[in-house]
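Notes for the one structure printed next.
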Amino acid sequence: MSGNAAALLEVRDIVIRFGGVTAVGGVSFDVGRHQICGLIGPNGAGKTSLFNCISGFYRPSEGQISLEGQKISDLPRHRMMGLGIGRTFQNLALFRSMTVRQNVLAGAHCQGRAGFLAAALRLASSTREAREAEERARALLALLDLEQFAEIPVAGLPFGWQKRVELARALISRPKLLLLDEPAGGLNHGEVDALAELFHDIRRNFELSILLVEHHMNLVMRVSDKVVALNFGKKIADGTPAEVRATPEVISAYLGEQAHAA
Amino acid sequence: MSELSEAPPSLRSATVRPAPGIPPALLWALGAVALLLPLFMAESFTLFQLTTAAIYAIAILGLNIITGYNGQISLGHGAFYAVGAYVGAIMLDKLNLPYWSTLPAAAVICGILGWGIGRPALRLGGLYLALTTFSLAVAVPQILKYRGIEEWTGGVQGVLVTKPDAPFGLPLNPDQYLYVLTVLLALGVFILARNLMASRLGRAIVAIRDHALAAEAMGMNIANIKTATFAISAAITGLAGALSALAVEFVSPDSFQASLSITLFVGMVVGGVASIFGAVFGGLFVVFMPNIAEGLSKSAPGVIYGIILIAFLFLLPGGVAGLLRRLGARLRR
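Chains F and W supply the protein sequences, listed in that same order. Counting from 36, one number per residue, gives the positions in the first sequence under the numbering used here. Counting from 121, one number per residue, gives the positions in the second sequence under the numbering used here.
Shown next as structure tokens:
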């Protein structure tokens with residue numbers, strides 16, 4: 036894939052410590068434009084800590100993260116979406132009292148400018164924005180086959196569909212980088228297959244990069260252009276799925292452990 | 121807080137949808153007749169009670185925006201009501217300003233006050249916020265008695281004001297005029313609130329209540345939105361306070377005891393948490409239910425009131441607004 040010059044996301048020498056424990060001990064990697072990058076590793080490898088750091092929910096103890104050359108690792112969390120980083124959550128984080136459509140619209144928050152007064156008085160600036168957001172929401176609901184659920188309270192949907200709502204909510208603001216935290220977690224076989232296809236559709240339609248943390252090896256190897264493997268907070272492999280799969284450290288650390296578990 | 125953030129299934133749609141089969145124009149006409157009827161039917165005391173109910177409805181709407189929609193429990197909104205009332209009374213009695221100017225002034229001053237108090241207080245959240253705001257409700261009556269500002273507030277004596285006369289030679293006595301003014305203002309505030317709650321920022325207000333972390337990931341600046349919501353909420357309740365000064369024609373520290381904040385809270389829950397229209401029923405409940413309770417038992421109206429309240433909460437878990445919503449849903453099916 037594209038070299039470093041075209042990298043969208045640059046992760047440099049990230050160290051994350053919790054008290055005395057070092058969860059991530061100096062990890063660097065890039066995610067290129069329009070690239071799908073899988074982040075893998077056995078439990079406790081530091082994937083989730085790193086993921087939370089990239090999404091702005093943790094501050095790294097050392098190192099820095101930049102998006103298109105702009106340092107983002109010291110910005111407040113609510114700035115991330117505006118800069119073009121959308122995310123989903125491992126254990127669903129939807130707005131439970133809202134309908135599917137309202138959830139998706141909530142994702143468009145940072146594209147709006149109209150303030151409280153404009154909203155209360157329904158000034159043109161506010162209604163125009165609202166119309167545009169509605170339009171985008173409609174398109175996304177169609178793309179993700181969510182139209183028939185649009186007016187249903189999101190809490191009433193099956194788990195797999197709720198995950199799709201999260202995806203739509205993250206996509207409506209047209210992010211440059213989509214962070215997916217275990218998108219296949221809790222899904223059945225058929226749903227995982229559909230997901231792999233969906234990721235490729237999304238990349239094509241939205242021209243974005245995807246970074247996914249995932250336990251489901253089969254899915255990661257199938258959809259990723261590039262895979263980064265972690266173990267004990269260190270990077271042990273970084274390359275194409277085939278390369279990573281062939282790395283001895285990965286086999287012993289990750290696949291070996293799975294073999295033991297099985 | 122956590123209970124509130126999960127409980128109400130009530131804001132499935134933030135707008136009031138007319139029942140199917142009834143054209144909206146007819147609903148509006150019926151509503152207008154219902155609102156104007158008391159002018160011709162009611163005696164002046166009943167009219168005063170209805171005016172008070174409409175004022176409480178505005179105050180409860182204000183509380184509902186921060187507590188119902190945003191999930192930030194305030195047990196101190198009576199304080200903003202009191203400040204609004206005093207701002208109105210002082211402007212009228214000490215500064216001889218026209219009565220209509222007191223209404224926006226009270227809203228703006230309470231909004232600024234709400235912003236200033238909300239900024240630090242909203243960091244607390246949950247039960248701590250509830251107690252902080254409650255301490256506000258406890259402190260305000262005593263602050264109003266403070267000697268240093270007696271010249272303005274009238275100390276324990278309070279301030280007397282008079283109801284405005286109807287303008288443009290309208291054939292209404294002051295009681296009737298104030299009723300009309302209050303109802304029109306309430307209508308305006310309710311429409312503005314409904315617009316706001318149906319907008320991008322309204323969604324953000326609710327999103328923060330439902331899942332703060334996800335709201336932040338969607339780019340919502342939680343501290344700013346919470347503070348602005350608190351300010352708006354305080355401004356609306358302050359406006360209601362200024363109206364109450366005109367309706368009661370008197371403000372004094374004893375009119376704004378801490379129990380007032382609880383009354384507003386009761387009205388919010390009975391009417392419907394996170395419901396715009398519910399505030400109307402909340403206002404009617406807190407004005408008329410104590411009288412009904414007293415009619416049932418002269419010696420223990422508090423007990424009766426308590427029983428009625430519990431029965432309400434038991435039978436109507438989503439408040440009156442929740443009941444109407446369920447009925448509407450059944451009609452549509």
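Idealized CB from N, CA, C, for every residue including glycine.
Per the Cβ contact rule, the stretch 355 to 372 of chain W is not in contact with the stretch 158 to 178 of chain F (fewer than 3 Cβ pairs under 8 Å). Distances from the CA of R94/F to each of I107/F, V279/F, R238/F were compared; the closest alpha carbon is that of I107/F. A distance below 8 Å separates the beta carbons of L202/F and L179/F. Against chain F, a Cβ distance below 8 Å from L312/W picks out A155, L156.
In the assembly as shown, K261/F is a buried residue. Its beta-carbon has 16 or more other beta-carbons within 10 Å. Boundaries of the beta strand (DSSP E) around L43/F: 42 to 53. Cβ-Cβ distances below 7 Å link Q99/F to R47, K106, S108 in the same chain, with the five nearest sequence neighbours on each side left out; the list follows chain order. Between the stretch 140 to 160 of chain F and the stretch 183 to 192 of chain F there are fewer than three inter-stretch CB-CB distances shorter than 8 Å, so the stretches are not counted as touching. The stretch 427 to 447 of chain W and the stretch 202 to 210 of chain W do not touch, with fewer than 3 CB-CB distances between them shorter than 8 Å.
In the DSSP annotation of this structure, the continuous segment of the alpha helix (DSSP H) that includes I237/W starts and ends at 219 to 241.
In chain order, L254, R257, V258 place their CB closer than 8 Å to the CB of A231/F, counting only its own chain and leaving out the 5 sequence neighbours on each side. Residue pairing for F241/F: DSSP places it in no beta bridge. Three or more Cβ pairs drawn from the stretch 295 to 306 of chain W and the stretch 148 to 160 of chain W lie within less than 8 Å of each other, which places the two stretches in contact. Pairwise C-beta distances place the stretch 112 to 125 of chain F out of contact with the stretch 67 to 78 of chain F, as fewer than three of them are shorter than 8 Å. Closest in C-alpha terms to Q146/F, from the list G274/F, G61/F, A42/F, R209/F, comes R209/F. Ranking F408/W, A343/W, Y176/W by CA distance to the CA of T302/W puts Y176/W first.
The Cβ of F130/F sits closer than 8 Å to at least one Cβ of chain W. For F165/W, the closest alpha carbon among the candidates P421/W, A367/W, I185/W is that of A367/W. Between the stretch 342 to 350 of chain W and the stretch 222 to 238 of chain W there are three or more C-beta pairs closer than 8 Å, enough to call the two in contact. Taking C-beta separations shorter than 6 Å and ignoring five residues to either side along the sequence, the partners of G402/W in its chain run I180, G387, M388, V390, G391, following chain order. Shown in chain order are the members of the stretch 331 to 345 of chain W whose Cβ falls below 8 Å from a Cβ of chain F: H331, L333, A334, A335, E336, A337, M338, G339, M340, N341, I342.
The straight-line gap separating the alpha-carbon atoms of A272/F and V50/F is approximately 17 Å.
Selection M338/W, T187/W, A394/W evaluated against R122/F yields M338/W as nearest (Cα-Cα). Where C88/F is concerned, the enclosing alpha helix (DSSP H) starts and stops at 82 to 89. For R157/F, there is no enclosing alpha helix (DSSP H), since its DSSP letter is neither H nor E. Around the beta carbon of F53/F, a 10 Å sphere encloses fewer than 16 other beta carbons of the protein chains shown; the residue is thus reported as exposed. According to DSSP, G274/F shares a beta bridge with V262/F. Along the stretch 298 to 328 of chain W, going in chain order, the ones with a CB nearer than 8 Å to a CB of chain F are L312, A313, N315, L316, S319, R320, L321, G322, R323, A324, V326, A327.
Membership of E97/F in the beta strand (DSSP E) is indicated by the continuous run 97 to 102. Taking 8 Å as the upper bound for CB-CB distance, L247/F and G79/F are not in contact here, some 19 Å apart.
Within the stretch 110 to 175 of chain F, the runs of beta strand (DSSP E) at least 3 residues long that lie entirely inside it are, in chain order, 120 to 122. With at least 16 other beta carbons inside 10 angstroms of its own, Q192/W counts as buried.
Not one beta carbon of chain W lies nearer than 8 Å to the beta carbon of C88/F. Taking the CA atoms as reference points, G245/W sits about 43 Å from R239/F. DSSP places F64/F in the strand class (E or B) of the three-state scheme. In the assembly as shown, D236/F is an exposed residue. Its beta-carbon has fewer than 16 other beta-carbons within 10 Å.
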